[in-house]
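Have a look at the structure below before the remarks.
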């Protein structure tokens with residue numbers, strides 16, 4: 116029992132990080148039907164921005180987080196402007212291939228600029244463990260920070276999407292781009308904001324991972340990027356609560372497979388889930404089955 | 040509109056000129072390079088992990104190979120010519136290693152190759168050097184298959200190595216855990232994609248069970264993972280006497296840190312894949328207690344030969360050399376000696392000279408190659424105390 120609860124905590128922390136990255140995938144897909152494969156590398160950029168803010172400028176956690184979010188939001192908007200906007204009217208496959216290109220550019224650019232060696236994140240939070248339920252569950256300060264930040268981000272995002280003007284515009288563009296444009300919504304700006312918000316969330320995930328596992332390197336975004344993509348598809352790509360559900364599910368499944376089954380199959384199970392979901396519910400767990408309009 | 044078209048066209052023209060210029064330069068370079076191989080220098084390839092997950096190995100190794108070449112060159116060179124070291128980056132990947140070796144052999148026309156420092160990448164270039172008959176000496180590739188074909192059990196004619204092999208390191212690890220630490224049951228934690236890690240674990244298991252110990256479980260991870268806590272929670276619940284984790288420094292650092300932060304105080308033992316200053320940086324010195332590794336070398340070894348090398352390396356590169364550097368230096372010197380003894384740059388002559396080496400006085404022991412092109416020499420057990428390396432003992436084969 117104790118081991119099970121502990122594994123659930125491990126899984127939820129890991130899943131929160133996947134969820135934060137998955138949100139960016141899902142938001143961008145929801146609005147321009149693009150799987151932004153460069154998203155995992157934005158997460159890497161966020162981790163490095165946080166790393167430099169903390170280690171070189173000796174900032175504390177919250178300012179570093181905000182700086183990292185700002186840098187990634189700008190990077191996201193820049194990528195959208197340079198790489199995706201010129202292709203808005205091109206076939207969807209062109210944009211997808213461009214996304215892969217941007218991803219490779221960021222990875223190899225990262226290798227050049229940051230050097231390939233791993234960097235160690237300075238210790239930001241005290242190494243301290245709290246026991247709950249008479250020692251059944253042990254939470255470290257880092258666990259608590261990760262879970263809290265995830266929840267705060269979710270509430271902020273929910274507020275942004277459903278209570279603000281820009282959120283309304285995002286939902287409108289996602290629903291029907293042309294109609295939204297006719298109603299006076301600035302589609303281009305709205306898409307830019309979506310990229311900025313998605314990238315800022317990836318930055319949060321990057322900084323949290325840096326703090327949680329205390330290491331960053333230029334290729335760190337590849338695997339979490341893929342897993343978060345699976346999470347987004349699992350929950351139903353384009354649906355915000357779906358990304359969170361998918362992320363947490365993948366995180367918990369991975370931990371349980373490693374903890375009770377064979378750690379060898381941990382990654383395999385995540386991908387097997389993706390295949391099964393795609394076969395049974397192509398639109399994801401929370402997705403509605405929609406006929407493609409021809 | 041017309042103006043814009045003109046601008047684009049002129050930009051294109053400038054670009055094409057630049058590209059053509061670059062191409063021309065490249066062609067020239069490779070031409071002059073090709074001419075030199077029969078000319079004044081002897082070209083030695085250095086295939087190493089300059090980028091990628093094992094980049095820390097490659098950097099110090101290339102430094103050491105160049106240092107060895109500089110020393111020979113200062114003393115009149117080799118066969119009356121200067122040695123020229125040509126670097127190639129295998130990006131820590133087996134297929135890139137194949138490419139790197141092919142480039143060294145076909146384009147740079149090297150007469151011999153030194154490298155690589157990991158088993159996976161060396162295995163990637165074995166077919167190339169066998170095909171082109173280029174004598175090659177791996178520095179710290181400890182997997183047995185590096186010099187012996189696993190199917191036919193025949194020794195690869197052109198492959199040598201400067202280090203001991205996995206079975207020996209696995210045996211040393213098991214003996215140390217059973218006899219010295221008094222461990223009776225162990226958990227293996229293996230990097231499943233890595234030939235080195237799988238090999239060491241296999242031989243540890245064989246020997247540990249032969250001694251009377253019990254393997255409670257074999258757990259796996261994959262290089263590049265960041266989260267090890269789920270598996271560590273499982274290991275914690277089994278409460279083993281020792282964890283054998285023959286991985287590389289990057290993941291090992293995270294594993295040790297996460298394990299110690301979770302309150303796992305069990306001794307953790309591993310092999311020479313751990314050897315990098317980055318290990319302590321990643322794990323944090325306060326977590327590096329009750330941690331042991333088998334290795335080729337320790338900088339604090341009182342042997343005067345080693346102390347001289349450490350000093351020379353430190354003067355030149357400003358840091359204490361790791362085992363990768365020592366063995367790259369050793370490998371380069373063995374190869375140069377082989378070429379000198381052969382008095383020829385033909386592959387077969389060099390191989391014959393290397394096979395004929397008898398008690399070559401190396402830094403890490405006296406080196407004679409056995410029938411499988413492996414040197415016979417001792418291993419060292421290192422204990423970490425608050426991140427500091429302390430020599431625990433020397434184990435002879």
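Protein chains in written order, with the working numbering: chain A, 116 to 409; chain B, 40 to 436. All C-beta atoms in this analysis are idealised placements derived from N, C-alpha and C, irrespective of residue type, glycine included. Values in this document were obtained by computation on a predicted structure and should not be read as measured data.
Residue 261 of chain B sits in coil when the DSSP states are folded into three classes, being neither helix nor strand. Secondary structure remark: continuous beta strand (DSSP E) runs of at least 3 residues inside the region 316-381 of chain A: none found. Secondary structure at residue 222 of chain A: helix, using DSSP grouped into helix, strand and coil. Under the Cβ criterion of 8 Å, residue 266 of chain B is counted among the residues facing chain A. Rounded to the nearest whole angstrom, the C-alpha separation of residue 167 of chain A and residue 264 of chain A is 20 Å. Taking each of A:232, A:227, A:185 and A:198 in turn and checking the Cα distance to residue 216 of chain A, the smallest one comes out for A:198. The beta-carbon of residue 208 of chain B is placed no less than 8 Å from the nearest beta-carbon of chain A. A straight-line Cα-Cα distance of about 8 Å links residue 245 of chain A and residue 252 of chain A.
In the DSSP assignment, residue 229 of chain B falls within the unbroken beta strand (DSSP E) covering 224-230. Between residue 327 of chain B and residue 295 of chain B, the beta carbon gap of about 7 Å places them in contact (Cβ cut-off 8 Å).
Straight across, the Cα-Cα distance linking residue 99 of chain B with residue 235 of chain B is about 20 Å. Here the region 308-324 of chain A makes no contact with the region 295-314 of chain B; the two share fewer than three CB pairs at distances below 8 Å. Under a criterion of Cβ atoms nearer than 7 Å, the residues of chain B adjacent to residue 122 of chain A are, in order, 269 and 272. DSSP places residue 353 of chain B in no beta strand (DSSP E) but in the uninterrupted alpha helix (DSSP H) bounded by 343-356. Residue 385 of chain B and residue 301 of chain B have their C-alpha atoms roughly 57 Å apart. For residue 325 of chain A, the CB contacts under 7 Å within the same chain, skipping 5 residues up- and downstream, are 162, 165, 166, 236 and 331 in chain order. Chain A places no beta carbon closer than 8 Å to that of residue 368 of chain B, leaving this residue out of the contacts. In this structure residue 340 of chain A is in contact with residue 136 of chain A, their Cβ atoms being roughly 7 Å apart against a cut-off of 8 Å. Boundaries of the alpha helix (DSSP H) around residue 101 of chain B: 94-113. One Cα belongs to residue 353 of chain B, the other to residue 117 of chain A, and the distance between them is close to 50 Å.
The three-state secondary structure of residue 309 of chain A, taken from DSSP, is helix.
Ranking A:129, A:355 and A:126 by CA distance to the CA of residue 276 of chain A puts A:355 first.
Look at residue 373 of chain A: its C-beta is under 8 Å from a C-beta on chain B. In this structure, residue 336 of chain B and residue 368 of chain B do not form a Cβ contact; the two beta carbons are roughly 10 Å apart against a cut-off of 8 Å. For residue 260 of chain B, at least one C-beta of chain A is nearer than 8 Å to its own C-beta. Think of a sphere of 8 Å around the beta carbon of residue 231 of chain B: the chain A residues whose beta carbon falls inside it are 379, in chain order.
In the structure shown, the three-state DSSP call for residue 121 of chain B is strand. Residue 256 of chain A and residue 159 of chain B have their C-alpha atoms roughly 38 Å apart. Taking a beta-carbon distance threshold of 8 Å, residue 100 of chain B does not count as an interface residue toward chain A. Sequence-distant partners of residue 86 of chain B (beyond 5 residues in either direction) whose C-beta falls short of 7 Å from its own C-beta, in its chain, are 127, 129, 136, 139, 140, 143, 152, 154, 155 and 164.
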